[in-house]
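Trainee: Residue 509 in the working numbering sits at position 69 of the sequence shown; the count goes up by one each step and never skips.
Even for Gly, the Cβ is constructed at its ideal location relative to N, Cα and C.
These numbers were taken from a predicted model, which means no experiment stands behind them.
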Amino acid sequence: MELKGKRVLAFTDDEFEDLEMWYPVLRLREAGAEVVVAGPKGKTKYKGKYGVSIETDTSFDEEAADGYDGLYVPGGWAPDKLRRYPAVLRLTREIHEQGKPIGQICHAGWVLISAKIVSGYTMTSTPGIRDDLENAGAKWVDEEVVVDRNIVSGRRPPDLPAFMREFIRLLAK
Numbered sequence: 441m442e443l444k445g446k447r448v449l450a451f452t453d454d455e456f457e458d459l460e461m462w463y464p465v466l467r468l469r470e471a472g473a474e475v476v477v478a479g480p481k482g483k484t485k486y487k488g489k490y491g492v493s494i495e496t497d498t499s500f501d502e503e504a505a506d507g508y509d510g511l512y513v514p515g516g517w518a519p520d521k522l523r524r525y526p527a528v529l530r531l532t533r534e535i536h537e538q539g540k541p542i543g544q545i546c547h548a549g550w551v552l553i554s555a556k557i558v559s560g561y562t563m564t565s566t567p568g569i570r571d572d573l574e575n576a577g578a579k580w581v582d583e584e585v586v587v588d589r590n591i592v593s594g595r596r597p598p599d600l601p602a603f604m605r606e607f608i609r610l611l612a613k
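#1: Quick one: is R589 buried, meaning 16 or more other Cβ sit within 10 Å of its Cβ, or exposed?
#2: What do you get for Q538, buried or exposed, if any count of 16 or more other CB atoms within 10 angstroms of its CB means buried?
#3: Using the Cα positions of E606 and A471, report the straight-line distance between them to the nearest angstrom.
#4: Look up I557 in the DSSP assignment and say whether it is helix, strand or coil.
#5: Expressed to the nearest angstrom, what Euclidean distance is found between the alpha-carbon atoms of M461 and G515?
#6: Considering only residues of the same chain and omitting the five flanking positions on each side of V581, which have a CB-CB separation below 7 Å?
#7: Note down the Cα distance separating G479 from T498, rounded to an integer number of angstroms.
#8: According to the Cβ coordinates, are D509 and V448 closer than 8 Å?
#9: Cα-Cα, which of V475, S493, D572, L466 is closest to D454?
#10: Using only the alpha-carbon positions, how far apart do T484 and V587 sit?
#11: From G594 to H547, what does the alpha carbon distance come to, in whole angstroms?
#12: Using the three-state DSSP reduction, which class does A578 fall into: helix, strand or coil?
#13: Closer than 7 Å to a non-hydrogen atom of the ligand MN - does that hold for the CB of S565?
#14: Please give me, in chain order, every unbroken run of the beta strand (DSSP E) with length at least 3 that falls completely inside the region 493-523.
#15: Report buried or exposed for K613, applying the criterion of at least 16 other Cβ atoms within 10 angstroms of its Cβ.
#16: So who's on the other strand from F451, going by DSSP bridges?
#17: What do you get for G549, buried or exposed, if any count of 16 or more other CB atoms within 10 angstroms of its CB means buried?
Below, the structure is given as C-alpha cells:
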C-alpha cells in the first residue's frame, strides 16, 4: 500500500483508450491511492473506444489542484477533447507548477502540449504525436516509459506495466 493517503486526479471523456484508463486506475487503487475520475460532468458514464465505460466522480470545474498528489491522463481519442476544456488545462498547469507527478500515455501528450508544459522535457508517446511534442519543445524518444522530473510518459497499452511502475514510484516519493 505504498500510496496510502495519496489522491490522484484522473481525467476522462468519451473515446478514452479502455486499457489506458482502467489499468492505471486499478493499479493506483491497488497501491492504496484514492483515484478521483473527473470528466466534463460529474456522476456521468463515459465510453471507451472499445465500449468499456467509466463513471466520473466529479467534473473538471469542481476540482482544485491543491487537493491532489498527482494527475493521470489516459490516451485514446479523449485527449483531443480534454485539451479543449479550460479547467483541464488549468488543473494540468497548476499540478505541474506544484511539481506533482503527471502520468500520461499514448495521445495524452496532447493535453500537456495544450497546457504548455512540455518544453524542455524528454518524453515518449504514440509515434502519431511525436511531431506535436517536438513542435511544442519536447525531446521525443521511442522508449516504453520516460521519467523526466515530474512527468512520466508512456507509448501504448503494452507499456502499461513499466509505465505504472514508474508512475507509482514517483507518486510514492
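Mentor: On the basis of the data shown:
#1: exposed
#2: exposed
#3: 13 Å
#4: Here I557 sits in coil by DSSP.
#5: 8 Å
#6: T562, T564
#7: A direct Cα-to-Cα measurement between G479 and T498 gives close to 7 Å.
#8: Yes, Cβ-Cβ distance for D509 and V448 is below 8 Å.
#9: Closest option to D454, Cα to Cα, is S493.
#10: 32 Å
#11: 9 Å
#12: coil
#13: Among the components of this structure there are no ligands whatsoever, and the ligand MN is therefore not found.
#14: 493-495, 510-513
#15: exposed
#16: A478
#17: buried
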